[in-house]
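Trainee: The structure follows.
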Amino acid sequence: MGRQVECALNNNPSFLIRQLRRPADPFPAPGRRYSPVRDWPRPGAVPSPAGLFDGDRMARFYERLDETLQEFIRRQHLFFVATAPRSGRINLSPKGADTFRVIDDRHVAYQDITGSGNETAAHLLDDGRLTVMFCSFDPDPLILRLYGHGRALRHGDEGWPALSGRFAALPGVRQIVLLAVESVQTSCGYAVPHYRYEGDRDTYLRWAQKKGTAGLAAYQEQKNLVSIDGLPTGLRPDALLPESGAAQPDPPSSTLKS
């Protein structure tokens with residue numbers, strides 16, 4: 481059953497993000513005992529700060545992102561996004577470079593830069609489901625997953641100026657992915673190893689600046705209009721704004737994110 485969800489961006493007018501599909505009633509009826517299988521996702525109170533790091537750390541579900549979870553997100557340098565089409569290959573991509581923003585307790589967004597593939601956009605157009613995962617590599621273990629439906633917002637779309645203003649200017653931004661959060665899950669992360677953040681790579685920035693706007697537009701038109709399964713991504717060639725300048729050689733595929 482579809483419903484419309486509006487996302488408020490500061491004091492700007494709300495805009496429609498898409499028809500979202502979700503179960504008609506994911507919660508148990510009054511008086512009926514909760515079942516973790518039958519009644520997923522589990523409703524419940526938002527955790528207190530201490531509740532994230534003590535006691536039972538097995539999976540818990542919440543309806544929204546409280547300030548503690550939002551602060552956890554702001555401290556992370558790495559996140560992962562997972563999508564799937566109705567038929568085809570599942571995609572999982574790592575993201576970084578200070579491109580994630582919390583809009584409010586039920587909406588988040590990330591800035592999507594040019595990459596060798598555009599699977600996420602194609603899957604959102606075909607199916608709409610999106611999962612974002614954060615995990616702590618610090619002494620306090622935690623895994624945080626955001627489940628919901630999303631859409632890719634691009635230059636010229638309603639709401640683009642307000643949303644894009646929340647991010648730093650980067651070369652080659654092809655879209656902003658907006659997620660309407662329907663369920664939030666935390667889990668222990670006890671087996672996630674310790675890692676130390678040393679800084680962001682500058683490989684993409686150097687490549688994008690060398691390639692120039694015209695080169696990036698040509699690269700997107702060549703690589704980003706269809707998925708590896710042949711699904712359209714919704715990226716519009718006429719929305720790519722070229723400027724003078726010769727295209728440069730492609731970077732190694734390991735430096736790009738899909």
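Note that our numbering gives residue 662 to position 182 of the sequence shown, counting from 1, and the numbers run on in steps of one.
By construction, the Cβ of each residue, glycine as well, lies at the ideal position given by its N, Cα and C atoms.
Just so you know, these numbers come straight off a predicted model, no measurement behind them.
1. Buried or exposed: where does Glu599 fall if 16 or more other Cβ atoms within 10 Å of its Cβ makes it buried?
2. Please classify Val517: is it buried, with 16 or more other beta-carbons within 10 angstroms of its beta-carbon, or exposed?
3. Using the C-alpha atoms, what's the distance from Pro673 back to Ala740?
4. Taking only runs of the alpha helix (DSSP H) that begin and end inside the stretch 590-645, which ones reach a length of at least 4 residues, in chain order?
5. Arg554 by DSSP, collapsed to three states: which one?
6. For Leu705 and Leu696, which I take to be in contact (beta-carbon distance under 8 Å), what is that distance rounded to the nearest angstrom?
7. Regarding Asp620 and the ligand MG, is the C-beta to nearest heavy atom distance less than 7 Å?
8. Below 8 Å on the Cβ atoms is my contact criterion, and I expect Val588 with Leu659 to pass it. Report the Cβ-Cβ distance as a whole number of Å.
9. The alpha helix (DSSP H) with Glu662 in it runs from where to where?
10. Can you tell which of His629, Glu551 and Arg569 has its C-alpha closest to the C-alpha of Ser663?
11. At the level of alpha carbons, what is the spacing between Gly645 and Gly652?
Mentor: The short version:
1. Sixteen is the threshold: when 16 or more other Cβ atoms of the shown chains lie within 10 Å of the Cβ of Glu599, as they do, the residue is buried.
2. Annotation note: pLDDT 35 at Val517 (below 50); position unreliable, no value reported.
3. A question about residue 740 goes unanswered here, because the residues of the chain that appear run from 481 up to 738.
4. 599-606 and 640-644
5. Three-state DSSP puts Arg554 in a helix.
6. Taking a contact as a CB-CB distance under 8 Å, the pair Leu705 and Leu696 does not count as one, their CB atoms being some 14 Å apart.
7. With respect to small molecules bound, the structure shown includes none, and the ligand MG cannot be examined in it.
8. With 8 Å as the limit, Val588 and Leu659 qualify as a contact, their Cβ atoms being about 5 Å apart.
9. Counting along the chain, Glu662 falls outside any alpha helix (DSSP H), though it belongs to the beta strand (DSSP E) covering Val653 to Ser667.
10. His629
11. 15 Å
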